[in-house]
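Student: In the working numbering, the protein residues as written are 61 to 356. Dropping the structure in here first, questions after.
Quick look at the structure:
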């Protein structure tokens with residue numbers, strides 16, 4: 061009996077470890093799992109994988125149109141284009157960009173994906189492509205890799221600001237298949253100022269409802285959810301509404317401020333990265349010199 065108890069004592073921690081390992085499974089797709097393995101072996105990707113193990117979300121392939129990542133964060137899922145599964149490295153780039161956006165979403169407390177997250181993620185994806193040694197040939201033989209290559213070329217040939225401008229233009233263009241156009245920090249800042257001024261009048265309800273309806277239009281929220289939010293808020297007693305308004309404004313202001321700080325820190329890191337790799341970047345520019353950069 062004592063031997064059995066000792067054996068049980070030994071096996072229980074192992075079972076717990078096994079259970080925890082299953083809990084943090086990030087995908088059911090072998091190809092996406094290989095992409096995580098690729099990321100785990102890189103300087104840029106390792107922190108992302110570590111973060112995802114702590115704050116897991118499921119990565120699956122999308123069965124809807126659109127050569128882009130799509131977020132369903134309320135259900136804990138991120139969807140990727142199936143086209144990338146033929147190349148572990150290209151898929152790793154797609155996974156990394158979506159994972160980075162998710163990381164910013166969690167860290168800042170934003171309630172939706174915004175343009176600035178797409179802009180910063182384009183920089184990380186390009187740096188990772190350099191680290192992985194992606195060649196023009198690998199981009200060419202991977203179906204659907206054109207947008208990733210275009211973003212990479214913008215960063216390599218046009219620089220950080222140009223790459224961000226291209227990412228921003230894409231994020232703000234209407235594309236319901238890809239949950240766009242996205243909102244921006246500046247728009248949220250303007251909206252928050254309206255919220256502040258509305259604390260003593262009835263426009264507060266309308267401002268929140270208008271925001272939710274925009275999210276419905278982008279595919280980030282269902283009409284049913286928007287209607288429930290509006291009904292719940294209008295159903296609050298007057299004294300609760302005032303307290304809710306003050307708290308809501310303070311929380312949202314902190315979120316916008318946090319995003320500003322993250323953006324500044326990420327741009328400093330990117331500048332340092334580029335400065336320390338000038339020789340390598342010059343060589344890559346030669347290989348990708350035939351890239352066509354759009355001119356607005």
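No residue lacks a Cβ here, since even glycine has one placed at the ideal position from N, Cα and C.
May I have the straight-line CA-CA distance separating residue 192 from residue 321, to the nearest angstrom?
Tutor: Taking the first residue of the chain shown as position 1, residue 192 is located at position 132. Taking the first residue of the chain shown as position 1, residue 321 is located at position 261. Each residue's alpha carbon lies about 28 Å from the other.
Student: Is the beta carbon of residue 99 sitting closer than 8 Å to the one on residue 155?
Tutor: To locate residue 99, count along the chain shown from 1; it is residue 39. To locate residue 155, count along the chain shown from 1; it is residue 95. Yes, the Cβ-Cβ distance between residue 99 and residue 155 is below 8 Å.
Student: Can you tell me which of the three DSSP states residue 326 falls into?
Tutor: Residue numbering aside, residue 326 sits at position 266 when the chain shown is read from its first letter. If DSSP states are grouped into helix, strand and coil, residue 326 belongs with the helices.
Student: Say whether the region 292 to 312 touches the region 158 to 168, bearing in mind that this needs 3 or more beta-carbon pairs closer than 8 Å, one atom from each stretch.
Tutor: no
Student: Just checking, does the region 273 to 292 make contact with the region 347 to 355 on the three C-beta pairs under 8 Å criterion?
Tutor: no
Student: In the DSSP assignment, the beta strand (DSSP E) including residue 357 goes from what residue to what residue?
Tutor: Since the first and last residues shown for the chain are 61 and 356, residue 357 lies out of range.
Student: Quick check on the burial criterion: 16 or more other C-beta atoms within 10 angstroms. Buried or exposed for residue 234?
Tutor: If you number the chain shown from 1, residue 234 lands on position 174. By the 10 Å Cβ count, residue 234 comes out exposed.
Student: If I'm right that residue 205 touches residue 150 with Cβ under 8 Å, what's the distance once you round it to whole angstroms?
Tutor: Taking the first residue of the chain shown as 1, we reach residue 205 at position 145. Taking the first residue of the chain shown as 1, we reach residue 150 at position 90. Correct: roughly 5 Å between the Cβ atoms.
Student: Should residue 283 be labelled buried (16 or more other beta-carbon atoms within 10 Å of its own) or exposed?
Tutor: On the chain shown, position 223 is the one that residue 283 refers to. When all chains shown are included, residue 283 counts as exposed.
Student: Is the beta carbon of residue 220 sitting closer than 8 Å to the one on residue 174?
Tutor: Counting from 1 along the chain shown, the entry for residue 220 is found at position 160. Counting from 1 along the chain shown, the entry for residue 174 is found at position 114. Cβ distance not < 8 Å, so residue 220 and residue 174 don't count as in contact.
Student: Look up residue 132 in the DSSP assignment and give the residues it is bridged to.
Tutor: As a first step, residue 132 must be located in the chain shown, where it is residue number 72. Residue 132 is bridged to 137.
Student: Between residue 118 and residue 137, how many whole angstroms is the CB-CB distance? I'm expecting something under 8 Å.
Tutor: Counting from 1 along the chain shown, the entry for residue 118 is found at position 58. Counting from 1 along the chain shown, the entry for residue 137 is found at position 77. Sure, about 5 Å apart at Cβ, within 8 Å.
Student: Flag this pair as yes or no: are the beta carbons of residue 127 and residue 207 separated by less than 8 Å?
Tutor: In the chain shown, counting from the first residue as 1, residue 127 sits at position 67. In the chain shown, counting from the first residue as 1, residue 207 sits at position 147. Against a cut-off of 8 Å, the Cβ pair of residue 207 and residue 127 comes out as a contact.
Student: Do you know how far the Cα of residue 260 is from the Cα of residue 178?
Tutor: Position 118 of the chain shown, counted from the first residue, corresponds to residue 178. Position 200 of the chain shown, counted from the first residue, corresponds to residue 260. Taking the straight line from one Cα to the other gives about 35 Å.
Student: May I have the straight-line CA-CA distance separating residue 350 from residue 330, to the nearest angstrom?
Tutor: Position 290 of the chain shown, counting from 1, holds the residue named residue 350. Position 270 of the chain shown, counting from 1, holds the residue named residue 330. Approximately 24 Å between the Cα atoms of the pair.
Student: Quick one: using the 10 Å Cβ neighbour count with 16 as the cut-off for buried, is residue 272 buried or exposed?
Tutor: For the purposes of this step, residue 272 is taken as the residue at position 212 of the chain shown. With 16 or more other Cβ atoms within 10 Å, it is buried.
Student: Can you tell me whether residue 85 is buried or exposed? The criterion is at least 16 other CB atoms within 10 Å of its CB, across all chains shown.
Tutor: Translated into the one-based positions of the chain shown, residue 85 becomes position 25. Under this definition residue 85 is an exposed residue.
Student: Near residue 249, what residues of its chain come up, given a Cβ to Cβ distance below 7 Å and the 5 sequence neighbours on each side ignored?
Tutor: Within the chain shown, numbered from 1, the residue matching residue 249 stands at position 189. Excluding residues within five positions, the ones whose Cβ falls inside 7 Å are 316.
Student: Go ahead and pull the three-state DSSP assignment for residue 82.
Tutor: In the chain shown, residue 82 corresponds to position 22, counting from 1. With a pLDDT of 48 at residue 82, under the threshold of 50, the modelled position of that residue is not reliable, and no figure is offered here.
Student: Compute the distance between the beta-carbons of residue 168 and residue 319, then report whether it is under 8 Å.
Tutor: Here the question's residue 168 lines up with position 108 in the chain shown. Here the question's residue 319 lines up with position 259 in the chain shown. Yes.
Student: Please report the Cβ distance between residue 185 and residue 153, rounded to the nearest whole angstrom; I am assuming they are in contact, meaning their Cβ atoms lie under 8 Å.
Tutor: Residue mapping note: residue 185 aligns to position 125 of the chain shown, counting from 1. Residue mapping note: residue 153 aligns to position 93 of the chain shown, counting from 1. The Cβ separation is near 5 Å, so the contact holds.
Student: Could you have a look at residue 344 and say whether DSSP puts it in helix, strand or coil?
Tutor: Position 284 of the chain shown, counting from 1, holds the residue named residue 344. Shown here, residue 344 sits in a helix according to DSSP, grouped into three states.
Student: Can you tell me which of the three DSSP states residue 173 falls into?
Tutor: On the chain shown, residue 173 is found 113 positions in, with the first residue counted as 1. Here residue 173 sits in coil by DSSP.
Student: Just to confirm, are residue 180 and residue 323 a CB contact at a threshold of 8 Å?
Tutor: Working through the chain shown from its first residue, we reach residue 180 at position 120. Working through the chain shown from its first residue, we reach residue 323 at position 263. Result yes, Cβ atoms of residue 180 and residue 323 sit closer than 8 Å.
Student: Could you tell me the boundaries of the alpha helix (DSSP H) in which residue 283 lies?
Tutor: Position 223 of the chain shown, counting from 1, holds the residue named residue 283. Where residue 283 is concerned, the enclosing alpha helix (DSSP H) stretches over 283 to 294.
Student: Could you check whether residue 130 and residue 239 sit closer than 8 Å to each other, using their CB atoms as the reference points?
Tutor: Along the chain shown, read from residue 1 onward, the residue named residue 239 stands at position 179. Along the chain shown, read from residue 1 onward, the residue named residue 130 stands at position 70. For residue 239 and residue 130, yes; Cβs fall inside 8 Å.
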